[in-house]
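Asks: In full-length UniProt numbering, the protein residues as written are 1 to 587.
Next comes the structure, spelled out in structure tokens:
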């Protein structure tokens with residue numbers, strides 16, 4: 001009873017303070033207390049709490065960050081009691097005086113650390129306090145994070161400084177957590193070529209070994225929603241049976257294609273209220289079943305956007321997905337601008353892209369040109385749309401960029417550094433690449449300058465481990481038809497590998513060169529090629545970012561960026577991508 005009375009009085013004071021900040025819906029400037037009043041308010045216990053808060057804000061250690069997140073999770077019954085108490089306290093709110101308002105400010109700050117999201121009014125008060133902090137302290141982590149977001153228009157937001165959780169740690173319960181992961185096509189039935197991704201393909205490239213690693217990673221994360229890319233429809237049920245056995249429900253993209261996105265969610269915590277399958281995107285609406293957020297709906301867009309020089313198509317795919325969310329929200333009777341939405345997946349692009357522009361600013365016009373990242377040859381300066389494309393869900397923020405602030409955001413792909421060694425910026429073959437293919441060709445036909453049918457079959461068996469499969473085999477048949485005989489000259493052989501590179505199969509060409517000539521173009525000590533293709537974006541007006549997870553542990557990072565220079569995938573990681581994860585609260 002004593003705790004209930006104390007909580008009621010605190011909530012009453014908080015509501016009075018929140019209402020005093022607004023007159024006729026307009027924010028009013030906050031009055032500063034007189035020196036004598038300030039001395040009375042800043043009692044020693046409050047000073048100690050403020051010192052502790054400041055210490056926690058100064059880049060806390062991952063373990064402390066995780067404890068902070070977990071401490072913010074409340075008992076659902078306690079939150080319900082607080083909401084009832086807030087309703088009762090509101091009836092007497094007008095009777096409080098200016099001193100109570102000042103005291104309530106300090107009390108609500110302390111209370112918010114332990115009781116996140118007590119009521120919608122206290123959440124609003126917390127946001128106002130955060131905004132005041134950003135104005136008074138230019139070094140505030142949150143302010144720094146927002147400042148680095150490209151062309152991000154300032155919009156009403158309930159974000160606050162988020163923490164970075166250790167790699168591999170379970171995501172805290174409460175609110176909504178999401179993990180996105182391009183798992184690299186399972187090779188249980190299809191995907192026979194996956195061994196070519198490995199530097200030294202052995203048992204670790206087999207599906208049982210890869211599946212065991214995926215099981216540990218995905219179940220260990222304990223995310224509310226798991227968004228996977230590159231799932232195989234043919235073997236999907238068996239490939240990820242361990243997730244459905246753990247209580248996850250799932251939608252697999254129903255469009256044709258070898259590699260499809262799939263979205264899993266914990267059935268005991270969320271029910272699916274919407275599902276739409278679009279061009280390389282899967283849209284799922286999830287409604288919370290229990291706890292203080294029961295009834296809240298979040299939309300999850302799981303995308304595996306088009307790869308290569310296809311900036312215009314990636315924009316169309318993202319725009320279509322966001323429009324679909326808005327339509328589904330309307331069907332459910334929800335205002336699109338107040339619809340919590342997470343857009344995650346493998347964007348197959350990085351840097352200043354049209355997809356990022358659409359999410360961050362809300363529109364992309366004909367004047368926008370793709371940034372021309374090194375992974376998109378020929379896309380720099382390209383117009384991606386002839387008409388303005390808009391989305392109505394509000395401004396999205398890159399979760400990792402916000403959490404890391406001014407620190408570099410880690411790459412999500414750490415692969416062999418070979419692209420620039422094989423192709424020039426204009427897309428032509430490098431001299432080193434031509435020489436490496438020549439060496440491989442000579443190994444395949446030691447008796448002369450022309451590969452016989454037997455030589456061709458021997459070559460294909462060595463690189464593909466079977467006849468009749470692979471794009472090299474199909475292109476060899478096309479060359480036979482052009483030549484009118486079943487032989488290949490060097491220019492035919494070189495042309496086959498040029499086409500492989502044009503399709504982005506650098507990893508496959510590197511494998512073939514190692515097998516045929518004894519070495520490829522990769523130099524392990526050069527370190528990995530670092531790319532960031534995997535993202536989690538969220539609507540800042542409806543979701544509050546609590547934290548993201550480090551994609552790679554320090555131990556594994558040392559093995560990638562130093563001896564033995566283990567790029568991905570390898571014996572301890574089953575994909576060329578790293579998983580990304582984030583935790584949110586509903587605003």
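Each residue gets a CB set at the ideal place from its N, CA and C atoms; glycine is no exception. Quick caveat, the model's predicted, so the values are computed rather than measured.
Helix, strand or coil for residue 585, going by three-state DSSP, please let me know.
Replies: If DSSP states are grouped into helix, strand and coil, residue 585 belongs with the strands.
Asks: Check each candidate in 443, 374, 341, 384 and name the one with the smallest Cα separation from residue 364.
Replies: For residue 364, the nearest C-alpha among the options comes from 384.
Asks: Would you identify the three-state DSSP class for residue 196, choosing helix, strand or coil?
Replies: The answer is helix: DSSP assigns residue 196 an H, G or I state.
Asks: Would you decide whether residue 447 is buried or exposed? Buried here means 16 or more other CB atoms lie within 10 Å of its CB.
Replies: Residue 447 should be labelled exposed.
Asks: Note down, in chain order, each residue of its chain lying with its Cβ closer than 7 Å to the Cβ of residue 417, except the 5 sequence neighbours on either side.
Replies: 522, 526, 527, 528, 529, listed in sequence order.
Asks: Spatial neighbours of residue 464 within its chain, please: C-beta separation below 6 Å, excluding the five flanking residues on both sides.
Replies: Closer than 6 Å at Cβ, skipping near neighbours: 470.
Asks: Go to residue 315, then tell me how far its alpha helix (DSSP H) extends in each direction, as first and last residue.
Replies: First-last of the alpha helix (DSSP H) with residue 315: 311–331.
Asks: Would you report the Cα separation of residue 479 and residue 499, rounded to the nearest angstrom?
Replies: For residue 479 and residue 499, the distance between alpha carbons rounds to 13 Å.
Asks: Measuring CA to CA, which of 306, 343, 335 is closest to residue 321?
Replies: Cα-wise, what sits closest to residue 321 is 343.
Asks: Quick one: residues in its chain with C-beta nearer than 8 Å to the C-beta of residue 334, no 5 flanking neighbours on either side, listed in chain order?
Replies: Correct list, in chain order: 297.
Asks: Taking all protein chains shown into account, decide if residue 408 is buried (16 or more other Cβ within 10 angstroms of its Cβ) or exposed.
Replies: Answer is exposed; the Cβ neighbour count stays below 16.
Asks: Looking at the unbroken alpha helix (DSSP H) that takes in residue 244, where does it start and where does it end?
Replies: Residues 241–245.
Asks: Go through its chain and collect everything with a Cβ distance to residue 289's Cβ below 8 Å, but skip five positions before and after it.
Replies: Hits under 8 Å: 268, 269, 270, 271.
Asks: Could you tell me whether the Cβ atoms of residue 540 and residue 392 are closer together than 8 Å?
Replies: Their beta carbons are not under 8 Å apart, which means residue 540 does not touch residue 392 by this criterion.
Asks: Would you kindly report the start and end of the unbroken alpha helix (DSSP H) that includes residue 225?
Replies: No alpha helix (DSSP H) contains residue 225, which is instead part of the beta strand (DSSP E) from 225–232.
Asks: Quick check: the Cα distance between residue 337 and residue 555, rounded to an integer number of angstroms?
Replies: Whole-angstrom Cα-Cα distance: 42 Å.
Asks: Around the Cβ of residue 184, are there at least 16 other Cβ atoms within 10 angstroms (buried) or fewer (exposed)?
Replies: When all chains shown are included, residue 184 counts as buried.
Asks: According to the Cβ coordinates, are residue 551 and residue 410 closer than 8 Å?
Replies: For residue 551 and residue 410, yes; Cβs fall inside 8 Å.
Asks: May I ask which residues mark the beginning and end of the alpha helix (DSSP H) holding residue 177?
Replies: Element bounds for residue 177: not the alpha helix (DSSP H) but the beta strand (DSSP E), 176–182.
Asks: Output the distance between the C-alpha atoms of residue 34 and residue 161, rounded to the nearest integer angstrom.
Replies: Bear in mind that a pLDDT of 40 at residue 34, under 50, signals an unreliable position, so the number given afterwards is only what the model happens to contain. So the alpha carbons of these two residues sit roughly 30 Å apart.
Asks: Looking only at its chain, what residues have a beta carbon closer than 6 Å to the beta carbon of residue 341, apart from the 5 residues adjacent to it on each side?
Replies: If we look at residue 341 and ignore the five residues flanking it on each side, its Cβ neighbours are 299, 325, 393, 539.
Asks: Determine the burial state of residue 354: buried for a count of at least 16 other Cβ atoms within 10 Å of its Cβ, exposed for fewer.
Replies: Buried: at least 16 other Cβ atoms inside 10 Å.
Asks: I'd like to know whether the C-beta atoms of residue 273 and residue 414 end up nearer to each other than 8 Å.
Replies: Cβ atoms of residue 273 and residue 414: not closer than 8 Å.
Asks: Using DSSP bridges, identify the partner residues of residue 506.
Replies: In DSSP, residue 506 forms no bridge with anything.
Asks: Our contact map puts residue 196 next to residue 511 with C-beta atoms below 8 Å; I'd like the distance itself, whole angstroms only.
Replies: Rounded, the Cβ-Cβ distance is 4 Å, consistent with contact.
Asks: Does the beta-carbon distance from residue 251 to residue 275 come in below 8 Å?
Replies: Closer than 8 Å, so yes.
Asks: How long is the line joining the alpha carbons of residue 237 and residue 533, rounded to whole angstroms?
Replies: About 27 Å.
Asks: Going by DSSP, name the residue or residues bridged to residue 445.
Replies: BP columns for residue 445 are empty, so no partner.
Asks: Can you tell me the Cα-Cα spacing of residue 181 and residue 412, whole angstroms?
Replies: The alpha-carbon atoms of residue 181 and residue 412 are separated by roughly 10 Å.
Asks: How do the stretch 252–264 and the stretch 221–234 stand: do at least 3 beta-carbon pairs fall below 8 Å, yes or no?
Replies: Yes, the stretch 252–264 touches the stretch 221–234.
Asks: Sort 484, 456, 483, 485 by Cα distance to residue 472 and report the nearest one.
Replies: It is 456 whose Cα lies nearest to the Cα of residue 472.
Asks: Who are residue 249's beta bridge partners in DSSP?
Replies: According to DSSP, which records beta bridges pairwise, residue 249 is partnered with 265.
Asks: Going by beta carbon distance, what residues of the same chain come within less than 6 Å of residue 476, once the five residues before and after it are set aside?
Replies: Here the set comprises 456.
Asks: In whole angstroms, what is the alpha-carbon distance linking residue 481 and residue 474?
Replies: Between residue 481 and residue 474, the C-alpha separation is close to 11 Å.
Asks: Of the residues 517, 400, 493, 564, which one's Cα is nearest the Cα of residue 547?
Replies: Answer by Cα proximity: 400.
Asks: So, using beta-carbon positions, are residue 390 and residue 371 closer together than 8 Å?
Replies: Not a contact, by the Cβ cut-off of 8 Å.
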